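Engineer:
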Amino acid sequence: MPQEAYLKFQEIDNDDTLDKDQKAEAQKAAFPEDILRRIHGDNHACHITSTIVGQENTPSPGLAPRCRVINVPLNTSSDNEEFISPLNLARAFELALDLGANIIHCAACRPTQTGEGEELLLQALKKCLNQNILIVAPAGNNEGECWCMPATLPGVLSVGALKPDGKPYKFSNWGGNNALEGIMAPGGEILGAQPANEAPVRLKGTSMAAPVMTGLCGLLMSRQLQQGKPLDAEAIRAALLNTARPCTPDDTDEPERCLRGKVNLPGAMEILFGPSVTISFTGNQVTRQDYRAIAPSAVSSQTLDPASPPLSPAPLLPLASPSPLLPCSPAPSSSPSSPVSPAPSLPITPSTITPSTAHSGHVYALGTIAYDFGDEARRDTFKQAMAAVSQDGVLLPPDPYDPRQMVDHLDHHPDQAPDLIWTLQLDGNTLYALDPKGPFAPATYEMFLLMLNGQLAPPTSGEFIDHISLPGKRTDRTVVLLSGEEVPVLKVLNPRGMYGWNVPTLVEAALATVTPPEGETTLLREGLTAFLQRVYHDLRNVGQTSRDRALNFAVTNTFQAAATFAEAIADRRQLDTIEVEKSPHCRMNSDCWDVLLTFYDPEDGKRSRQVFRFTLDVADTMPVTVGRIKRWAKPGKGVTG
12 MPQEAYLKFQ EIDNDDTLDK DQKAEAQKAA FPEDILRRIH GDNHACHITS TIVGQENTPS
72 PGLAPRCRVI NVPLNTSSDN EEFISPLNLA RAFELALDLG ANIIHCAACR PTQTGEGEEL
132 LLQALKKCLN QNILIVAPAG NNEGECWCMP ATLPGVLSVG ALKPDGKPYK FSNWGGNNAL
192 EGIMAPGGEI LGAQPANEAP VRLKGTSMAA PVMTGLCGLL MSRQLQQGKP LDAEAIRAAL
252 LNTARPCTPD DTDEPERCLR GKVNLPGAME ILFGPSVTIS FTGNQVTRQD YRAIAPSAVS
312 SQTLDPASPP LSPAPLLPLA SPSPLLPCSP APSSSPSSPV SPAPSLPITP STITPSTAHS
372 GHVYALGTIA YDFGDEARRD TFKQAMAAVS QDGVLLPPDP YDPRQMVDHL DHHPDQAPDL
432 IWTLQLDGNT LYALDPKGPF APATYEMFLL MLNGQLAPPT SGEFIDHISL PGKRTDRTVV
492 LLSGEEVPVL KVLNPRGMYG WNVPTLVEAA LATVTPPEGE TTLLREGLTA FLQRVYHDLR
552 NVGQTSRDRA LNFAVTNTFQ AAATFAEAIA DRRQLDTIEV EKSPHCRMNS DCWDVLLTFY
612 DPEDGKRSRQ VFRFTLDVAD TMPVTVGRIK RWAKPGKGVT G
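For the sequence shown, this note's numbering begins at 12 and goes up steadily by one.
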C-alpha cells in the first residue's frame, strides 16, 4: 500500500471541520472500497500491535516491548467475509500453535446469535487450549447483549472496554459466556501508532482493551520465567478471572455489563507470585515505571542491566491481525498510559488456581527420528569420513544427507553418532534436538540408529517404523540447525520408554491381548487404527504438558485401548470423542490423568453413550497406568442425520 494512501486517509480523518459521517463519505469518495477496507485493517492492526509491544523509547512503547510478535494475517484480499471466516480463523490458530505461541491475540470478531462456534473452529481452539496457550479476544462493540467469536467461546479470555473513569462503555458487548470468562480492561483513549505516520492516535473500543490485556498477560508470563516457573497460561487466566473486581452501582446500574469484573492486576500478581510482589500506580494510570516492576530481570542467559528497559521473553505473542503490518513509528510527543482502577484486591486463595496443563519439564513425545549437521563444516566432516557408494557398478561420492548411507557409516563408526544433532520430528517439523546424557548415552545413540534404520525399511516389512515414542527432560538450551531454525534441546537419560512401531503392527499386537467378540476382529482392527491415526494427526502435540503426555502414552500402550474398543464394538458402538482430564483422585506425589473414550451408536442417536476411562500417572519421565478401566453410560445426543 503506497504511503500516500495512508496519509490522505489520515488527512481526512484529522479534519476537524468535518463530522464523523462527513469524514466517512469523504474517505469513500477518495478511495475504492477494497483499498478503503485495507487501510482500515492496517490501521487497526498497527494500533493493536503497538499497544502490546510498541517501539521502545517512543511515546507508544507498548506494555511488553520485548515480546516477540508473529503476525498471522487473516485476510489479504480486503474481503470482510474472509477476515471472519471460521476456516481462516481455524487455520490462523493452528498456525500460531505450530509456530510455538504462548499467547494468541485474535483481533477478529465474528458475530453469532447462538454463542456456539463451527466445529472446525472449536477443534482449533481446543488444540491451542490443550497446549496451555492463552487466547485473548475483544468482546465486540455491538452495544448490547451480543456475542462474537472467538471471544464468547469457552476457554477464551474475552475483554470488554472500560472508559478512562473506570465505567463500562455502553457499546461493549456482554452476556453469554462473557459473564463467566470475560474481563474488563481500559479501552478508551488508548494511544497507539498508525501506518506511514509518526503521529500517534488515541482510539477506543474493545479492540483497544483486548491488546492492553494481552500486554499485561505477556508481562505476567515474563514474571513466571524470571522466577524459574513454567509458563502457565491457564494459571494466569484463572488468576485474572478469580480476582476481577465487580462493578459498583456508581459504575453502572447494569452490573452484567461488567462481565466477570474489572482487571485487578495486583490481585492477580499476588495469587500467581505471592504477597511479596508489589506494583505501584500513579493516580489512575499504569505507566512504564509501573510495569517495569513485573518485567523479568533476566531471560535465558541474558542479564538485564538495571538501567536498561525491561526484557520480556521472546516466543510470546503471535498476533492474529486483519492484515500484514507496516512499520509503525509513533511520534516523540504526548504520554502513553492506559487507565486502570487500582482498587484493593479481593481476598485471595491460591489453592483455587488449579492449572490443568502446567509443564513439569518432562516430555513424552511422538514423532520420527532424524538428524542435522548444524553447520556446513560438520556436514563436510562427515562427507569426507564416509565411504563412496557403488550404484549399478558406478562409484558415487558419499552423500551425508542420505539416511541409508548415514546408517551404514554409523554402523561401522558408532563413536561418531554424538557428532550429529539428532532430532525428533512431527509431520516434517522439528520438535526437539536430542541430547543423550549419562552412562546410558551409548545405548541411547544405538537406539536412535535402530529407529532411523527402521524408518528406512519397506512399509510391508515387519521392521518398518512410522512412529516412535521418546521420553526426555526439557532443558533451557537451544540448538541452531543448518537451516537456521532454532529448536529446544531435550535431554535423554536412557533408552527406556523409546519404542518404534508402525500402525498395523501395533494394532495386531494390541489385538493379541484381548479376545474380540466373534466375527468382530475386523471392526476392532479398524477402530484401533482410527484411534491411533486420530491421535497422531488430529490431536498431535509436542508432549510437554501433563495432558499431552498422558494422551501420547495412551497410544503407545494400546492394551487398555484395545480392551475398551472390544467392549464398545460388542455393543455396536463407534468412537465419538477422546478427552483427557485431570484425575480427581491420585496417590501422593503423583500426577494422574484420565483418558476418556466416548462411544456412540451410529444407528440410534437416542441410545446412551458409553464412556470408558483409564488413568495414567505422568509424574515421572516415563508414564505408567494406574488401576483398571472404568465404564459408565451418559445420555445420547438425540437423533442423528
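In this text, a Cβ means the ideal position worked out from N, Cα and C, and glycines have one as well.
This one's a predicted model, so the numbers in the text were calculated from it and none came from an experiment.
Closest to residue 638 by C-alpha separation, out of 594, 645, 611 and 632, would be which residue?
Structural biologist: Here residue 638 corresponds to residue number 627 of the sequence shown, with the count starting at 1. Minimum Cα distance to residue 638 is reached at 594.
Engineer: Classify residue 386: buried if its beta carbon has 16 or more other beta carbons within 10 angstroms, exposed otherwise.
Structural biologist: As a working mapping, residue 386 is identified with position 375 in the sequence shown. So residue 386 ends up on the exposed side.
Engineer: Could you have a look at residue 615 and say whether DSSP puts it in helix, strand or coil?
Structural biologist: In the sequence shown, the residue the question calls residue 615 occupies position 604. Residue 615 falls in the coil class under three-state DSSP.
Engineer: Would you report the Cα separation of residue 537 and residue 149, rounded to the nearest angstrom?
Structural biologist: To locate residue 537, count along the sequence shown from 1; it is residue 526. To locate residue 149, count along the sequence shown from 1; it is residue 138. Spanning the two alpha carbons is a distance of roughly 43 Å.
Engineer: Under 8 Å, do residue 373 and residue 560 count as touching if we go by C-beta distance?
Structural biologist: Position 362 of the sequence shown, counting from 1, holds the residue named residue 373. Position 549 of the sequence shown, counting from 1, holds the residue named residue 560. Their beta carbons are under 8 Å apart, which means residue 373 touches residue 560 by this criterion.
Engineer: Does the separation of the CB atoms of residue 521 and residue 564 fall below 8 Å?
Structural biologist: For the purposes of this step, residue 521 is taken as the residue at position 510 of the sequence shown. For the purposes of this step, residue 564 is taken as the residue at position 553 of the sequence shown. No.
Engineer: Hey, is the region 128 to 148 in contact with the region 203 to 211, meaning 3+ C-beta pairs nearer than 8 Å?
Structural biologist: no
Engineer: Note down the Cα distance separating residue 262 from residue 178, rounded to an integer number of angstroms.
Structural biologist: As a first step, residue 262 is located in the sequence shown; it is residue number 251 there, counting from the start. As a first step, residue 178 is located in the sequence shown; it is residue number 167 there, counting from the start. If I take the Cα positions, the gap works out to 5 Å.
Engineer: What is the rounded straight-line gap between the Cα of residue 45 and the Cα of residue 511?
Structural biologist: Position 34 of the sequence shown, counted from the first residue, corresponds to residue 45. Position 500 of the sequence shown, counted from the first residue, corresponds to residue 511. Looking at the two C-alpha atoms, the distance is approximately 53 Å.
Engineer: Since residue 251 and residue 201 are thought to touch, with beta carbons under 8 Å apart, how far apart are those beta carbons, to the nearest angstrom?
Structural biologist: Sequence index remark: in the sequence shown, residue 251 carries index 240 (1-based). Sequence index remark: in the sequence shown, residue 201 carries index 190 (1-based). Contact annotation, residue 251 with residue 201: C-beta distance approximately 19 Å; criterion of less than 8 Å not satisfied.
Engineer: With 16 other CB atoms within 10 Å as the buried threshold, where does residue 219 fall?
Structural biologist: Here residue 219 refers to the residue found at position 208 when the sequence shown is read from its first residue. Flag for residue 219 reads buried.
Engineer: With burial defined as no fewer than 16 other Cβ atoms inside 10 Å of the residue's Cβ, what is the status of residue 121: buried or exposed?
Structural biologist: Walking along the sequence shown from the start, residue 121 turns up at place 110. Buried: at least 16 other Cβ atoms inside 10 Å.
Engineer: Under 8 Å, with one C-beta from each stretch per pair, do the region 602 to 617 and the region 627 to 634 reach the 3-pair mark?
Structural biologist: yes
Engineer: Using beta-carbon positions only, say whether residue 227 and residue 113 come within less than 8 Å of one another.
Structural biologist: Looking up residue 227 in the sequence shown gives position 216. Looking up residue 113 in the sequence shown gives position 102. Taking 8 Å as the Cβ cut-off, residue 227 and residue 113 do not qualify as a contacting pair.
Engineer: From the DSSP output, which residues share a beta bridge with residue 205?
Structural biologist: The sequence position of residue 205 within the sequence shown is 194, counting from 1. Per DSSP, 208.
Engineer: So residue 501 and residue 443 are in contact, right, with Cβ under 8 Å, and what is the actual spacing, rounded?
Structural biologist: Residue 501 sits at position 490 when you count from the first residue of the sequence shown. Residue 443 sits at position 432 when you count from the first residue of the sequence shown. That pair is a contact at about 4 Å.
Engineer: Can the beta-carbon of residue 573 be found less than 8 Å from the beta-carbon of residue 524?
Structural biologist: As a first step, residue 573 must be located in the sequence shown, where it is residue number 562. As a first step, residue 524 must be located in the sequence shown, where it is residue number 513. Cβ atoms of residue 573 and residue 524: closer than 8 Å.
Engineer: Does the region 464 to 476 come close enough to the region 487 to 495 to have 3 or more Cβ pairs within less than 8 Å?
Structural biologist: Not touching, per the Cβ criterion.
Engineer: Just to check my reading of the structure: residue 56 and residue 103 have Cβ atoms closer than 8 Å, yes? What is that Cβ distance to the nearest angstrom?
Structural biologist: Here residue 56 is taken as the residue at index 45 of the sequence shown, counted from 1. Here residue 103 is taken as the residue at index 92 of the sequence shown, counted from 1. With 8 Å as the limit, residue 56 and residue 103 do not qualify as a contact, their Cβ atoms being about 13 Å apart.
Engineer: Suppose you measure from the CA of residue 632 to the CA of residue 553; what does that come to, to the nearest Å?
Structural biologist: As a working mapping, residue 632 is identified with position 621 in the sequence shown. As a working mapping, residue 553 is identified with position 542 in the sequence shown. Looking at the two C-alpha atoms, the distance is approximately 14 Å.
Engineer: Any chance you could list the alpha helix (DSSP H) runs of at least 4 consecutive residues sitting entirely within the region 560 to 646, in chain order?
Structural biologist: 570 to 581
Engineer: Using alpha carbons as the reference points, say which of 634, 217 and 645 lies closest to residue 619.
Structural biologist: Translated into positions along the sequence shown, residue 619 becomes position 608. When each option's Cα is compared against that of residue 619, the closest is 645.
Engineer: From residue 66 to residue 225, what distance separates their C-alpha atoms?
Structural biologist: Taking the first residue of the sequence shown as 1, we reach residue 66 at position 55. Taking the first residue of the sequence shown as 1, we reach residue 225 at position 214. Each residue's alpha carbon lies about 16 Å from the other.
Engineer: Confirm, please, whether the CB-CB distance from residue 381 to residue 434 is below 8 Å.
Structural biologist: Counting from one through the sequence shown, the residue named residue 434 turns up at place 423. Counting from one through the sequence shown, the residue named residue 381 turns up at place 370. The answer is yes: Cβ separation under 8 Å.
Engineer: Which of helix, strand or coil does DSSP assign to residue 671?
Structural biologist: No statement about residue 671 is possible, as the shown extent of the chain runs from 12 to 652 and does not include it.
Engineer: Report the start-end ranges of each alpha helix (DSSP H) in the region 377 to 432 that is 4 residues or longer and not cut off at the edges.
Structural biologist: 387 to 396 and 414 to 423
Engineer: Can you list, in chain order, the stretches of the alpha helix (DSSP H) that have 4 or more residues and sit fully within the region 97 to 144?
Structural biologist: 97 to 109 and 130 to 141
Engineer: Can you tell me the Cα-Cα spacing of residue 159 and residue 126, whole angstroms?
Structural biologist: Here residue 159 corresponds to residue number 148 of the sequence shown, with the count starting at 1. Here residue 126 corresponds to residue number 115 of the sequence shown, with the count starting at 1. Residue 159 and residue 126: Cα-Cα distance of roughly 7 Å.
Engineer: If you drop the 5 nearest sequence neighbours on each side, which residues of the same chain put their C-beta closer than 7 Å to that of residue 294?
Structural biologist: In the sequence shown, counting from the first residue as 1, residue 294 sits at position 283. Because residue 294 carries a pLDDT of 33, less than 50, the predicted location of this residue cannot be relied on, and the following value inherits that uncertainty. Nothing meets the Cβ criterion.
Engineer: Are the region 33 to 53 and the region 164 to 179 touching, with three or more C-beta to C-beta distances below 8 Å?
Structural biologist: no
Engineer: In the DSSP assignment, what are the bridge partners of residue 512?
Structural biologist: For the purposes of this step, residue 512 is identified with residue 501 of the sequence shown, where counting begins at 1. Answer by DSSP bridge pairing, in chain order: 478.
Engineer: Got a sec? Which residues, its chain only, sit under 7 Å from residue 24 by beta carbon, not counting five neighbours each side?
Structural biologist: Residue numbering aside, residue 24 sits at position 13 when the sequence shown is read from its first letter. Closer than 7 Å at the Cβ level, and outside the excluded window around residue 24, lie 34.
Engineer: Which two residues bound the contiguous alpha helix (DSSP H) that contains residue 236?
Structural biologist: Walking along the sequence shown from the start, residue 236 turns up at place 225. From DSSP, the alpha helix (DSSP H) with residue 236 extends over 217 to 237.
Engineer: Would you report the Cα separation of residue 414 and residue 485, rounded to the nearest angstrom?
Structural biologist: Along the sequence shown, one-based indexing puts residue 414 at 403. Along the sequence shown, one-based indexing puts residue 485 at 474. If you take the alpha carbons of residue 414 and residue 485, they lie about 26 Å apart.
Engineer: Distance check for residue 222 and residue 60, CA to CA, integer angstroms please.
Structural biologist: Translated into positions along the sequence shown, residue 60 becomes position 49. Translated into positions along the sequence shown, residue 222 becomes position 211. Straight-line spacing of the CA atoms in residue 60 and residue 222 works out to 8 Å.
Engineer: Here's the rule I'm using: 16 or more other beta-carbon atoms within 10 Å means buried, otherwise exposed. How should residue 612 be labelled?
Structural biologist: Residue numbering aside, residue 612 sits at position 601 when the sequence shown is read from its first letter. Counting Cβ neighbours within 10 Å, residue 612 comes out buried, since at least 16 surround it.
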